[in-house]
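Just add 24 to wherever you are in the sequence shown, counting from 1, and you've got the working numbering.
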Amino acid sequence: MDTSGLAALDERIADCRACPRLVAWREETARAKRPAFADQAYWGRPVPGFGPPDARLLIVGLAPAAHGANRTGRMFTGDRSGDVLYEALYDLGLASQPTAVHADDGLELYGVRITAPVHCAPPANKPTPGERDACRPWLVRELELLRPTLRAAVALGAFGWQAALPAFGQAGWTTPRPRPAFAHGARVLLGDLDLFGCFHPSQRNTFTGRLTPAMLRDVLRTAARTAGLPTPAPG
Ligand code: SF4
């Protein structure tokens, strides 16, 4: 199979079965379903990145949600975290619509790609370090393919931050030693790319106000502008 392009990489990722625990979990979740989605066919496979191959900004999450991306087959699509994230991207002119309901809803991203360091839904949203490491080669390859245009990245949460830094290093960017700690609003220069930290738009963070819509927009706006993407002024 041709592995040279991002579309081909995405196809290969969707067929991966390297982590027995996650394969079992994603498939069992797809069989059992949540009652509200009982009439839907779940994706139940690894979820590839979403967005154009010449993206200038990459958003790195954690892993697909069991009844969100694991159901719809597209990153952050069909769950509350995605509702918050896509609304922010739309407000900043980086997405064609504010909602992400299913994979064929017509949503397009402008200059932005969204991926995750673990492509399969994990129990309790907690991949093991071994599963994170097993999935890293997919992220490294994705970064290598995006490298010609990629100029900024936002890691959503400490897991994404800690998984992304070594992947950026393996893909050829310069990473600082010791490895910088995650913080909301953190910014680290990796050669020709700026990595930003942002709290994950999980329900726990957004319901408690730890991450407000304004906080999320501020980080995304700064990262997008750093990457050379036009965004409207704060309103
Ligand atoms: Fe493959 Fe990554 Fe899923 Fe593990 S988490 S099975 S490495 S796609």
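For every residue, glycine included, the Cβ atom is placed at its ideal position computed from N, Cα and C.
Taking C-beta separations shorter than 6 angstroms and ignoring five residues to either side along the sequence, the partners of Thr-173 in its chain run Asp-78 and Arg-80, following chain order.
For Ala-176, the uninterrupted beta strand (DSSP E) run begins and ends at 176-180, by DSSP. Distance from the C-beta of Leu-46 to the nearest heavy atom of ligand 1 is below 7 angstroms. Val-71 is not a Cβ neighbour of Pro-141, given a cutoff of 8 angstroms. Residue pairing by DSSP places Cys-222 opposite Leu-180 in a beta bridge. In this structure, ligand 1 has no non-hydrogen atom nearer than 7 angstroms to the beta-carbon of Cys-222. Under DSSP, Leu-217 shares a beta bridge with Leu-214.
Scanning Thr-123, Pro-161 and Arg-98 for the CA closest to the CA of Leu-109 turns up Thr-123. Within 10 angstroms of the beta-carbon of Arg-245 lie 16 or more other beta-carbons, which makes it buried. When C-beta atoms of the stretch 189-200 are compared with those of the stretch 240-259, fewer than three pairs fall below 8 angstroms, so the two segments do not count as touching.
Closest option to Ala-145, judged by alpha-carbon separation, among Ala-38, Ala-210 and Phe-206: Ala-38. Restricting attention to Arg-98, Ser-226, Arg-165 and Arg-160, the CA atom closest to the CA of Ala-187 is found in Arg-160. For Arg-137, the secondary structure class from DSSP, reduced to helix, strand or coil, is strand.
In the assembly as shown, Glu-166 is a buried residue. Its beta-carbon has 16 or more other beta-carbons within 10 Å. For the pair Phe-220 and Asn-229, the CB atoms are not nearer than the 8 angstroms cut-off. The residue among Ala-191, Pro-76, Asn-94 and Glu-155 with its C-alpha nearest the C-alpha of Ala-179 is Ala-191. For the 8 angstroms CB-CB criterion, Arg-137 and Pro-76 form a contact. Leu-82 places its beta carbon 8 angstroms or farther from that of Ala-182. In the three-state scheme derived from DSSP, where H, G and I count as helix and E and B as strand, Ala-119 is classed as strand. The C-beta of Phe-231 has fewer than 16 other C-beta atoms within 10 Å across all chains shown, which makes the residue exposed.
Shortest Cα-Cα distance from Phe-61 to any of Leu-189, Met-99, Ala-205 and Arg-95 involves Arg-95.
A check of alpha carbon separations from Pro-254 across Trp-49, Gly-97 and Tyr-134 identifies Tyr-134 as the nearest. For Val-164, no beta strand (DSSP E) run applies; the uninterrupted alpha helix (DSSP H) run containing it begins and ends at 153-170, by DSSP. For Val-125, the three-state secondary structure derived from DSSP is coil. Inclusion of Arg-175 and Leu-118 in the CB contact set at 8 angstroms is not warranted, their separation being larger than that value.
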